[in-house]
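Quick note on numbering: the sequence shown equals residues 56 to 412 in the numbering used here.
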Amino acid sequence: MAQAAVAAAAALHPASSIPEEWESVAQHCYSAMAAYLPLTAANGEPTQPAAQVARHLAEAAAAVDAFYSRYRYILDNAIGAVSAAATAAAAAATAARTADERLAGIDAPWRDYPSVHAAHLLMQSATAELSAARNRSDLIATQNSSEQLRTAAAALNDVLDLAPGRAEEARRAVTSVRTRLEALKTRTEGISAAVSTLLREFHADSSADLLGNEHRCRVDLNRAEGLLQQAETAARDGDPETALNLVGMARTVLATAAEHVDAPAQRLALLRSVRSDPQQDEQRARFRLRDAQRLAVDRGAQAQWGAALDAQALRIDRIVATLSGRHPDYWRYHFELNDVAQFVAGIVARIRQESAR
56 MAQAAVAAAA ALHPASSIPE EWESVAQHCY SAMAAYLPLT AANGEPTQPA AQVARHLAEA
116 AAAVDAFYSR YRYILDNAIG AVSAAATAAA AAATAARTAD ERLAGIDAPW RDYPSVHAAH
176 LLMQSATAEL SAARNRSDLI ATQNSSEQLR TAAAALNDVL DLAPGRAEEA RRAVTSVRTR
236 LEALKTRTEG ISAAVSTLLR EFHADSSADL LGNEHRCRVD LNRAEGLLQQ AETAARDGDP
296 ETALNLVGMA RTVLATAAEH VDAPAQRLAL LRSVRSDPQQ DEQRARFRLR DAQRLAVDRG
356 AQAQWGAALD AQALRIDRIV ATLSGRHPDY WRYHFELNDV AQFVAGIVAR IRQESAR
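Below, the structure is given as structure tokens:
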């Protein structure tokens, strides 16, 4: 019992000197027993003074008592942890057996769903890990493996609960994404009109990156169509989880297509806003710059960052001057002022980080 308590304490407190101290106490006990066992020879004659042997035994017992008194709290907790780990391991094993029996009693086709198969394999692996940990009396590994097995058994039960509804879930998902796909096909027709308006109202460079959006969108829609057709086939073939995975991929592609559809109209709205009040972007950038300059002075960082911040003031002046031409590039104006604001924000973050040290 003492050796088990020490081993458990060592596992829970790896930096502790308990194992080394116990080894010294144990050696004292072994020495006392070695002196006690041959106390008398075969002919009945004493081999050494009994009082000396008794004193040796008493010293060993006292060493054990002192050791236990010194580490009573740790040793008692360690024994409690061993008991709790055994209880948790037994409970986890029972939960795994129950989940296994539930799976074995299922005849429905969803027993072979990928999620069910994966959850079962994970539970089997966790069962093997727990068994190995208990066989080598590894307390920490037993604690961890018990929790992993408990979680794995619960996960298997969860997928078994969900499995009967997967077919209907897949049917609804396919229908939903099909509706979204058709809506995006319709909206794609408006891309060229939005780009034409951009070219008519603003500098050509303001929409150069959007000229291929209609083509990119149609490529995405064709890809999503292919994925959705595969999903529909999988759903009809009784493989709803594969169908759901394909639907998820189609959703991701459609999200990109939607960005291509929305970008021209969003750019048009942004540029019209900038054109109606160009000073808004300028004032925002100058405000952030002044705020950063004050922070640099307050935190004693003027020598390090003052020149870089002053340079941004000149940069803002140059950007604002570009609007004086006949066909100002409002997109570049907005983009470059935003870049100044982000650069200044980076300096502010550095100043705060350095002053916090």
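Here a beta-carbon is modelled for each residue, glycine too, at the ideal position from N, C-alpha and C.
Three or more beta-carbon pairs drawn from the segment 184–195 and the segment 139–147 are found closer than 8 Å, and the two stretches are therefore classed as touching.
A Cβ-Cβ distance of about 26 Å is found for the pair residue 228 and residue 176, leaving them out of contact under the 8 Å criterion. Exclusion of the five residues before and after residue 233 leaves 283 as the residues of its chain whose Cβ lies within less than 7 Å of its Cβ.
Cβ neighbours of residue 360 within its own chain (closer than 6 Å, five residues either side excluded): 351 and 402. Unbroken alpha helix (DSSP H) stretches of 4 residues or longer found wholly inside the segment 237–286: 246–256, given in chain order. DSSP places residue 386 in the uninterrupted alpha helix (DSSP H) bounded by 385–410. For residue 323 against residue 253, the beta-carbon gap comes to about 5 Å, under 8 Å, which counts as contact. From the listed residues 243, 355, 164 and 332, the smallest Cα separation to residue 220 is found for 164. Judged by DSSP in its simplified three-state form, residue 162 adopts coil rather than helix or strand. The DSSP assignment places complete alpha helix (DSSP H) segments of no fewer than 4 residues inside the segment 320–393 at 334–353 and 357–376, in order along the chain.
Spanning the alpha carbons of residue 258 and residue 222 requires a straight line of approximately 52 Å.
Around the beta carbon of residue 230, a 10 Å sphere encloses fewer than 16 other beta carbons of the protein chains shown; the residue is thus reported as exposed.
Under the DSSP assignment, residue 173 falls in the alpha helix (DSSP H) whose first and last residues are 169–190. Taking a C-beta distance under 8 Å as the contact criterion, residue 388 and residue 319 do not qualify as a contact pair.
Residues 402 of the same chain have their beta carbon placed closer than 8 Å to that of residue 363, with the five preceding and five following residues left out of the count. Using a Cβ distance threshold of 8 Å, residue 392 and residue 340 count as a contacting pair.
Looking at the backbone, the Cα of residue 245 and that of residue 261 are separated by about 18 Å. In this structure residue 343 touches residue 396 by the C-beta definition: roughly 5 Å separates them, less than 8 Å. Here residue 193 carries a coil assignment [DSSP, helix/strand/coil].
Residues 351 of the same chain have their beta carbon placed closer than 6 Å to that of residue 357, with the five preceding and five following residues left out of the count.
By the Cβ neighbour-count rule, residue 197 is buried, with 16 or more other Cβ atoms within 10 Å of its own. In this structure residue 151 touches residue 208 by the C-beta definition: roughly 5 Å separates them, less than 8 Å.
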